[in-house]
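Visitor: Would you mind keeping the following structure in view while I ask a few things?
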Amino acid sequence: MKSIRFSCQDVLYKKPSISPQIWIKRIGGDLMQLYAVTNGETEETKLINTILAIAPFVDHIILREKQKSRLEYLQFVQVLINSGVPKEVLCIHTHVKIPFLTGVNQLHLPEYCTNIGEIKRFFPSLRVGSSVHSLEAAKYAEDNGADYVMFGHIYQTNSKPGIKPRGLYQLEQIIHALTIPVIAIGGITGDRISHFKDIGVTGVAVMSGIFSATCPKTAAMSLRKEVEKIEGSL
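Under the UniProt record's numbering, think of the first position of the sequence shown as 1, with each following residue one higher.
As structure tokens, this is what we get:
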């Protein structure tokens, strides 16, 4: 396989190098989390390059590649790991068995997934999250053992055309009703991250703002700076 390189404005990006202690500190929950969520639309080599570029600036990357078969998905994750992306930052989407085949310790599931409790009983150390779009679904996920929920969409976004955004008020309702962390997603841009400062959200997730950006690395760096502004004011 050819070596993987990332070019943005003629700058070559090297493999991510970041202290494991920093990953542990960030994942431990004492800082606001920044999630990147892949969109399933990027050609694989370009996507691998992009993930290599953004990995040092985000806390989690949810690999939402629904178009891949389980074997294709497994091979994709293995390439990422072999290319230098820390396992700690990767999060498997939907494929329940792949965390145990790759050593990745995070799994994100669709709304109303019925086997969260079963997964947690057999693999209690696995960090399992769920997408939710209502308070009812959020409570269901928590009651069934989810470690966190991801709620959205908060703002209007091209990935949800014609669907009314749920907004900050519904997000706050869910945050106050649950005891597990709540991540916000949907239409989140750098200038909107400050909106989450005082409502108790654990993190923000970005899809198109990173993966559809002209330079995903620059976009991730900018989002990280905005997140750190909130952390610095807490």
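Even for Gly, the Cβ is constructed at its ideal location relative to N, Cα and C.
I think Val149 touches Leu178, with their Cβ atoms under 8 Å apart; what is that distance to the nearest whole Å?
Guide: For the purposes of this step, residue 149 is taken as residue 149 along the sequence shown, with counting starting at 1. For the purposes of this step, residue 178 is taken as residue 178 along the sequence shown, with counting starting at 1. Right, their Cβ atoms sit about 7 Å apart.
Visitor: What does DSSP give as the partner residues of Cys91 in its beta bridges?
Guide: Here residue 91 corresponds to residue number 91 of the sequence shown, with the count starting at 1. Answer by DSSP bridge pairing, in chain order: Ile62.
Visitor: Arg192 lies in the beta strand (DSSP E); which residues open and close that run?
Guide: Here residue 192 corresponds to residue number 192 of the sequence shown, with the count starting at 1. Per DSSP, Arg192 belongs to no beta strand (DSSP E) and is neither H nor E.
Visitor: Among the candidates Val201, Leu223, Ile199 and Ser125, whose CA atom is the shortest distance from the CA of Gly145?
Guide: In the sequence shown, residue 145 corresponds to position 145, counting from 1. Checked all of Val201, Leu223, Ile199 and Ser125; the closest Cα to Gly145 is Ser125.
Visitor: In terms of residues, what are the limits of the beta strand (DSSP E) holding Gly117?
Guide: For the purposes of this step, residue 117 is taken as residue 117 along the sequence shown, with counting starting at 1. Gly117 -> not in any beta strand (DSSP E); alpha helix (DSSP H) instead, spanning Ile116 to Phe122.
Visitor: At the 8 Å Cβ level, is Ala177 part of the contact set with chain B, yes or no?
Guide: Annotation note: the requested chain B is absent from the structure, which comprises a single protein chain.
Visitor: Going straight from the alpha carbon of Ala219 to that of Phe76, what length do you get?
Guide: Sequence index remark: in the sequence shown, residue 219 carries index 219 (1-based). Sequence index remark: in the sequence shown, residue 76 carries index 76 (1-based). Taking the straight line from one Cα to the other gives about 23 Å.
Visitor: Starting from Phe57, follow its DSSP beta bridges and name the residues at the other end.
Guide: The sequence position of residue 57 within the sequence shown is 57, counting from 1. For Phe57, which the question treats as bridged, DSSP gives no partner whatsoever.
Visitor: Any contact between the segment 46-53 and the segment 106-124? By contact I mean 3 or more CB pairs, one from each, below 8 Å.
Guide: No: the two stretches stay apart, fewer than three of their Cβ pairs being nearer than 8 Å.
Visitor: Looking at the structure shown, is Gln173 part of a helix, part of a strand, or coil, going by DSSP?
Guide: Position 173 of the sequence shown holds residue 173. If DSSP states are grouped into helix, strand and coil, Gln173 belongs with the helices.
Visitor: Buried or exposed: which applies to Arg70, given that a residue is buried once 16 or more other Cβ atoms fall within 10 Å of its Cβ?
Guide: Against the sequence shown, residue 70 aligns to sequence position 70. It counts as exposed.
Visitor: Okay, do the segment 186-197 and the segment 129-140 touch, 3+ Cβ pairs below 8 Å being the bar?
Guide: Because the criterion of three Cβ pairs below 8 Å is not met, the segment 186-197 and the segment 129-140 do not touch.
Visitor: Can you name the start and end residues of the beta strand (DSSP E) that Val96 belongs to?
Guide: To locate residue 96, count along the sequence shown from 1; it is residue 96. Careful: Val96 lies outside any beta strand (DSSP E) and carries neither H nor E.
Visitor: Return the Cβ separation of Tyr73 and Ile98 in integer angstroms, given the expectation that the two are a contact with Cβ distance under 8 Å.
Guide: As a first step, residue 73 must be located in the sequence shown, where it is residue number 73. As a first step, residue 98 must be located in the sequence shown, where it is residue number 98. Yes, Tyr73 and Ile98 are in contact; Cβ-Cβ is about 6 Å, under 8 Å.
Visitor: Need the endpoints of the alpha helix (DSSP H) that Ile210 sits in, please.
Guide: For the purposes of this step, residue 210 is taken as residue 210 along the sequence shown, with counting starting at 1. Taken as a continuous stretch (DSSP letters only), the alpha helix (DSSP H) holding Ile210 covers Ser208 to Phe211.
Visitor: Thinking just about the alpha-carbon of each residue, which of Gly117, Glu41, Asn39 and Leu90 is nearest to the one in Phe57?
Guide: Sequence index remark: in the sequence shown, residue 57 carries index 57 (1-based). It is Leu90.
Visitor: With 16 other CB atoms within 10 Å as the buried threshold, where does His176 fall?
Guide: For the purposes of this step, residue 176 is taken as the residue at position 176 of the sequence shown. Per the 10 Å Cβ criterion, exposed.
Visitor: Give the straight-line distance between the Cα atoms of Asn105 and Arg127, rounded to the nearest whole angstrom.
Guide: The sequence position of residue 105 within the sequence shown is 105, counting from 1. The sequence position of residue 127 within the sequence shown is 127, counting from 1. Those two C-alpha atoms are separated by around 6 Å.
Visitor: Looking only at its chain, what residues have a beta carbon closer than 8 Å to the beta carbon of Ile230, apart from the 5 residues adjacent to it on each side?
Guide: One-based indexing of the sequence shown puts residue 230 at position 230. These residues qualify, in order along the chain: Met32, Ile193, Ser194, Phe196 and Lys197.
Visitor: Which same chain residues, not among the five before or five after Ile188, have their C-beta less than 6 Å away from its C-beta?
Guide: On the sequence shown, position 188 is the one that residue 188 refers to. Correct list, in chain order: Val204 and Val206.
Visitor: Spatial neighbours of Ser208 within its chain, please: CB distance less than 8 Å, with the 5 preceding and 5 following residues excluded, ordered by chain position.
Guide: Stepping through the sequence shown from its first residue, residue 208 is reached at position 208. Same-chain partners within the cutoff: Asn39, Thr157, Asn158 and Ser159.
Visitor: Just to check my reading of the structure: Val182 and Thr202 have Cβ atoms closer than 8 Å, yes? What is that Cβ distance to the nearest angstrom?
Guide: Position 182 of the sequence shown, counted from the first residue, corresponds to residue 182. Position 202 of the sequence shown, counted from the first residue, corresponds to residue 202. About 6 Å; that satisfies the 8 Å criterion.
Visitor: Of all the options His95, Asn82, Thr45 and Lys46, which has the alpha carbon lying nearest to the alpha carbon of Ile62?
Guide: The sequence position of residue 62 within the sequence shown is 62, counting from 1. With distances taken between Cα atoms, Ile62 lies closest to His95.
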